[in-house]
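These notes concern the structure reproduced below.
Chains as they are written, first to last, in our numbering: chain Z, 13 to 292; chain Y, 12 to 481.
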């Protein structure tokens, strides 16, 4: 069992949780993910590691309530425990000194997993610029944390309620326009956002890494549920990734596979809601 | 008394009933039938059956005990060499193992060795076991076993019996490997059989750590170093599914058999939404392949509500690698076998869902390296099969995590771990391996045999290490 040490609502329906998982924290690296299971009836959910602390043995996860399982997770409080917490999984991000600026782009809760990457790249001696996108100002997360580990933070909001009005791609364009020498972009967020960022950097030939979030079951390479086409090859995101060259990923294929269980997810959400009502 | 030429039949659930439930199909012998079947054994002076058993169960001896109605004695005999008899009695391909060599098989049907093993094991499982776990000596040497599938469980059981402290590291949340995620409930009950057998191993003093992905959480070198183990056994299986690399394999509705079966067996998707993991099967499913995994996937699809299920296999019936009893059960349940047929592409609709599979007819040519006749496409024979679910069951390859994170571990050309056939010794001192990670996908009992051989070799290695130290 893995105890929830702290829970915080970062914005409506977005939660951060600190989990006691010393074994995982000891080996975690930026870019890796974990799989958790809330209880015996639960499904296995992959979440990218948002932060880790080897000394205290804690792993930070950030998630948004989008379906039945995240609803159940959000219903837990500090002091409760998760049944399973497996990791660290996947390859770590490549952390090295670049010839130029490192730009991390986080959309929505995708900001969270860019944080340890930004921090590690900064510690490796890079100039790091973070671009953080949110629909509106009130759902922006982790701005202060990000400022502490980067040289510059650009915020975009879809409605212009804060920072640059528009999408994260507008901020990427802005950096290119002002002549920033960008050596690498790492983008994490909704698939449509990562696809847009890859399209935005392609004309300039800026190497662009995306962290994919396909449907997963085991997360250890044994089922291929998370397969994606990269270049001409089929890759398993859990063992070959989750990071891939954004200019080679088949994004439409990924989006289509992510919709596979949409109708059953609705059934399940309804099921959980009713269980919730019964309990009250 | 005249000797019956036939095995005593085992009662089964009626096909039309069982095709809609996940209850075990074969119901097992009752006491009188078991004793009667045991009486068919001739107790050969040189028993041929034993040479067909990869873990060398003393078959005539345990059958003699059943004949005497000494069932405790029978299971003790079996357990001397077999850690998972209730599993083996159910899933071994006996027709290619012990029963293949039974002398009665020359004139009629061999003795139902598997059924008798199952009978003795089930009787023992139904009884309460003593709860006090066996404990190794405080200064006992420690062995890490990576993977809790058949090879790891068998190796761990043998080592614990020899007095070592054994810890199994399992990546999933449940132990058992393919016994838990792969073989379906209707063939191998999880709570009643698999978990009970594993609990029995724990009572021998074996510790099982789940959620522990070796290679990520601990590398092999760390296990031998800071984690303080004296030897490591790698039994991680051949879990990485292969695809055919034909167009359309990433469409929605296309599963690897591993994913399909894991969702159903390990995650209990057949009880959705009481269990949260979903699994979709349409009206018409095609399973590509002809092994046990293909049969399991086909029969699972049927039970999940598919109205029509095809097995699409490129060779003929004679080459089907699946266990004979499962092929028979699948046919009785109405699975539609399309033999000498090979898919060439999967076609999708405008939403990216499978709608059809293009296939080509095959004919058999000359035998290939494996001794089986090579299937050759018949030109111009392409046709389309309307399906909305495709399950790929053409085999698995080795998982790369251990290989990637263990410097100095020699691999074969196919990416399997190179290990000595008799001892399981790898290129790294103190590191042994066995089961599918060495051989490629094979059977439960062969993996158990490899685990058992490795346990003997580890025992010898550790004794030598201890002698050097003292």
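Beta carbons are placed, not taken as given, at the ideal position from N, Cα and C, and that holds for glycine.
Classified as buried, residue 465 of chain Y has 16 or more neighbouring CB atoms from the shown chains inside 10 Å of its CB. Residue 363 of chain Y has a beta carbon lying within less than 8 Å of a beta carbon in chain Z.
When C-beta distances to chain Y are compared with 8 Å, the residues of the stretch 94 to 121 of chain Z below that value are 95, 96, 97, 98, 99, 100, 101, in chain order. Here residue 216 of chain Z is exposed, its C-beta having fewer than 16 other C-beta atoms within 10 Å. Excluding five sequence positions before and after residue 244 of chain Y, the CB atoms of its chain that fall closer than 6 Å to its own CB belong to 156, 166, 443, 465, given in chain order. Residues of the stretch 217 to 239 of chain Y that bring their beta carbon within less than 7 Å of a beta carbon in chain Z comprise 222, 224, 227, 228, in sequence order. DSSP, reduced to helix, strand and coil, places residue 259 of chain Z outside both helices and strands of the structure shown, so it counts as coil.
Contact check for residue 147 of chain Y against residue 123 of chain Y fails: the beta carbons are separated by 8 Å or more. Going by C-alpha positions, residue 422 of chain Y is about 16 Å away from residue 441 of chain Y. Under the three-state reduction of DSSP output, residue 169 of chain Z falls in the strand class. Residue 377 of chain Y carries a strand assignment under DSSP once its states are collapsed to helix, strand and coil. Among the residues of chain Z, those whose CB is under 7 Å from the CB of residue 274 of chain Y are 229, following chain order. Listed along chain Z, the residues sitting closer than 8 Å to residue 291 of chain Y by beta-carbon distance are 272, 273, 276.
Under the Cβ criterion of 8 Å, residue 434 of chain Y is not counted among the residues facing chain Z. At least 8 Å separates the beta-carbon of residue 410 of chain Y from that of residue 258 of chain Z.
With respect to residue 226 of chain Y, residue 413 of chain Y sits close: the two C-beta atoms are nearer than 8 Å.
The straight-line gap separating the alpha-carbon atoms of residue 35 of chain Y and residue 22 of chain Y is approximately 11 Å. Less than 8 Å divides the Cβ of residue 299 of chain Y from the Cβ of residue 405 of chain Y.
The beta carbon of residue 208 of chain Z sits closer than 8 Å to those of 179, 180, 181, all from its chain and outside the five residues before and after it, given in chain order. Per DSSP, the continuous beta strand (DSSP E) segment holding residue 144 of chain Z begins and ends at 140 to 146. A direct Cα-to-Cα measurement between residue 325 of chain Y and residue 372 of chain Y gives close to 8 Å. Annotated as distal: residue 60 of chain Z and residue 268 of chain Z, with beta-carbon spacing of 8 Å or more.
With respect to residue 109 of chain Y, residue 455 of chain Y sits apart: the two C-beta atoms are not nearer than 8 Å. One alpha carbon belongs to residue 130 of chain Z, the other to residue 188 of chain Y, and they sit about 38 Å apart. If you compare the alpha carbons of Z:157, Z:143, Z:280 with that of residue 63 of chain Z, the shortest gap goes to Z:157. The stretch 354 to 362 of chain Y makes no contact with the stretch 329 to 336 of chain Y: fewer than 3 CB pairs, one atom from each, lie closer than 8 Å.
Here residue 286 of chain Y has 278, 279, 280 as same chain residues with Cβ atoms under 7 Å from its own Cβ, once five neighbours each way along the sequence are excluded. Residue 121 of chain Z is not a Cβ neighbour of residue 50 of chain Z, given a cutoff of 8 Å. Sixteen is the threshold: since fewer than 16 other Cβ atoms of the shown chains lie within 10 Å of the Cβ of residue 53 of chain Y, the residue is exposed. In the structure shown, the three-state DSSP call for residue 451 of chain Y is coil. Interface annotation for the stretch 444 to 472 of chain Y against chain Z: empty, criterion Cβ-Cβ distance under 8 Å. Judged by DSSP secondary structure, residue 44 of chain Y falls within the alpha helix (DSSP H) whose first and last residues are 42 to 49.
If the five residues before and after residue 251 of chain Y are omitted, its C-beta is found closer than 8 Å to the C-beta atoms of 407, 408, 409, 410, 411, all from its own chain and listed in chain order. As a beta-bridge residue in DSSP terms, residue 118 of chain Z pairs with Z:144, Z:200. Minimum Cα-Cα distance from residue 90 of chain Z among the listed residues Z:190, Z:19, Z:220, Z:13 corresponds to Z:19. Exposure of residue 28 of chain Y is indicated by the presence of fewer than 16 other C-beta atoms within 10 angstroms of its C-beta.
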